[in-house]
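See structure below.
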Amino acid sequence: MAQLDVRQKLEILADAAKYDASCASSGTSKRNSKDGKGLGSTEGIGICHAYAPDGRCISLLKILLTNSCIFDCHYCINRKSSNVRRARFTAKEVVDLTIAFYKRNYIEGLFLSSGIIGSSNYTMEQMVEVARSLREDYHFRGYIHLKTIPDADPELVEAAGRHADRVSINVELPTVGGLKRLAPEKSASRIEGAMGAMKTSIIDARDATKKYKSAPRYAPAGQSTQMIVGADAATDSDIVSRASGLYDAFGMRRVYYSAFSPIPDASAVLPLKRPPLMREHRLYQSDWLMRFYGFAPGEVQAATTDGMLPLDIDPKLAWALKFRESFPVDINRAPKSMLLRVPGLGTKAVARILTTRKWRRLRLDDVGRLTVSVAKVRPFIVTEDWRPTVLLDRVNLREVVAPRAEQMELF
């Protein structure tokens, strides 16, 4: 086989990394160099890959160390039996690429994952070496996200957190049964054990920084995970339950959802078609309901039909239509928890309502200026000059408030 140059490796391994969705960079803070010699920044102009909570764009070089793997997970394009073109970077090549791309203002950080080569420990050692070299040899202060390997020695996984802003361990599939069936070489208990150890290390480091200013930072952007949607028989209700458990048990910053995509020479146990992209979108919306809108997992699950979220309307609207007796909500009197349940009102709009109503009573036009579609909000609220009469009792209310088909197109 002909020797590949770095550019060819980059083409192969950047393409192979596209299946990993968990590369967002929210939650980090800027690393400052005391001597002023540090490289990297989260304030420059670069390629848009992810956004921080304050709106800053974080541009990332997103690659695999290698797409070769000793595992044979049915759903993975890089599985051992897959007929794909293979490539492998050395640790030094990844470091050189990262620095070169940064100096050209292409990126502000690195997302690094990998197939398993040789052994889990060897692969993890190489990934940690990339992060160590960037931080210590080149004083790189940009963002680093490492995808860790749960089967690796705990000391190696722990070392990843010392150099990375965020670490992640993929839970892979929503159910233990699905994991056993489609990735029999992986263990749910080992994955959760590694997540638990990472959570402990992150908490210990945060406690140390509260007591000692000189305490080293440890994965300041926390840990995240990803699960594949549509590769097994798991319902949306199963996925919501699993995500909630991960947030509660392991302090996850984010759970990412990746719609299964059929791969060449696919295993016979896999579905022939990918699930609708809208299903992935609805799961992200359900995730936000639990994280930012005060919904319990059971309430999100109550919006499902036969365990599946509706595709034509968002989960909050589906919940509201099922529990019409909770409405209408008085905009000028209702507590924050109920305002957040009104379809069409986001967290920012609710914050504005709570502030404004301290000084005056809100009218329908005031609410209209805070939302994209006042028609969607109107059946569920009472304002100073508006009260719905028969709207909530209409059999076709769903058709009245649901978005038009062209508004639901995903590209």
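Residues 3 to 413 in the numbering used here are what the sequence shown spells out, letter by letter.
The beta-carbon is built from N, C-alpha and C at its ideal position, and this holds for glycine as well.
Quiz item: Do the CB positions of Phe252 and Met197 come within less than 7 Å of each other?
Solution: yes
Notebook entry, point to check: Can you give, in chain order, each stretch of the alpha helix (DSSP H) that sits fully within the segment 301-329 and has at least 4 residues?
Noted result: 317-324
Exercise for the section: Quick one: measure Cβ to Cβ for Ala162 and Val169, integer angstroms, because I've assumed they're closer than 8 Å. Expected result: 5 Å
*Option in Asn334, Arg343 and Gly346 with minimal Cα separation from Trp388*: Asn334
In chain order, what residues of the same chain lie with their CB nearer than 7 Å to the CB of Leu364, ignoring the 5 residues before and after it? Ile333, Asn334, Ile355, Thr358, Thr385 and Glu386
For this session: Could you tell me which residues DSSP puts in a beta bridge with Leu112?
Result: Leu63 and Ile146
message = Does the contact criterion of 3 or more C-beta pairs under 8 Å hold for the segment 235-254 versus the segment 309-317?
response = yes
Per DSSP, what kind of secondary structure is Ser375 in: helix, strand or coil? coil
Are the beta-carbon atoms of Ile230 and Leu279 separated by less than 7 Å? no
> Thinking C-beta only, is Glu282 closer than 7 Å to Tyr259?
Replying inline: yes
How far does the alpha helix (DSSP H) with Met254 in it reach, from first residue to last? Where Met254 is concerned, there is no enclosing alpha helix (DSSP H), given that its DSSP letter is neither H nor E.
- Applying the criterion that 16 or more other CB atoms from any shown protein chain within 10 Å of the CB defines a buried residue, is Ser115 buried or exposed? buried
| said: Can you tell me whether Trp361 is buried or exposed? The criterion is at least 16 other CB atoms within 10 Å of its CB, across all chains shown. | reply: exposed
What does DSSP give as the partner residue(s) for Thr358 in the beta ladder? Looking at the DSSP assignment, Thr358 forms no beta bridge with any residue, so it has no partner.
**Nonlocal neighbours in the same chain, by C-beta distance under 6 Å from Asp22, ignoring five residues either side** = Ser115
Kindly list the residues whose CB is nearer than 6 Å to the CB of Pro152, restricted to its own chain and excluding five residues on each side of it in sequence; keep chain order. Ile171, Arg192, Ile193 and Ala196
Notebook entry, point to check: Got a sec? Which residues, its chain only, sit under 6 Å from Thr150 by beta carbon, not counting five neighbours each side?
Noted result: Val159, Ala162, Val169 and Ile171
C-alpha distance - Ile65 paired with Ile14, whole-angstrom precision: 9 Å
Below 8 Å on the Cβ atoms is my guess for Ile383 versus Pro330; work out the distance and round it to an integer in Å.
-> 5 Å
query: So what does DSSP say about Pro55, is it helix, strand or coil?
result: Residue placement at Pro55 is flagged as unreliable, the pLDDT there being 45, under the threshold of 50; a coordinate-derived value is accordingly withheld.
First and last residue of the alpha helix (DSSP H) that includes Val369? Leu366 to Gly370
- Rank Pro218, Pro273 and Arg143 by C-alpha distance to the C-alpha of Gly111 and give the top, closest one. Arg143
### Message
On the CB-based measure, 16 or more other CB atoms within 10 Å of its CB, does Ala320 come out buried or exposed?
### Response
buried
Taking the beta carbon of Ala270 as the centre, do at least 16 other beta carbons fall within 10 Å, making it buried, or is it exposed? exposed
- Item | Residue from Gln303, Asp74 and Val402 whose Cα sits closest to the Cα of Pro186 | Asp74
Check: Do Ser288 and Pro317 have their C-beta atoms within less than 7 Å of each other?
Finding: yes
Check this for me: beta carbons of Pro345 and Lys324, under 7 Å apart or not? no
message = Here's a check: name, in chain order, each residue in its chain whose Cβ is nearer than 6 Å to the Cβ of Arg137, leaving out the five neighbours to either side.
response = His165
Which runs of the alpha helix (DSSP H) at least 4 residues long sit entirely within the segment 152-201? Give them in chain order. 156-165 and 178-184
Could you pull the start and end residues of the alpha helix (DSSP H) that Gln10 belongs to? Val8 to Ala18
For His128, which three-state DSSP category applies? In the sequence on display, residue 128 carries Gln and not His. Helix at Gln128.
* From Thr44 to Tyr145, what distance separates their C-alpha atoms? -> Unreliable placement is indicated for Thr44, whose pLDDT of 39 sits below 50; no coordinate value is reported for it.
Using C-beta distances below 6 Å, list every residue in its chain close to Gly232, excluding the 5 sequence neighbours before and after it, in chain order.
Ala261, Phe262 and Pro277
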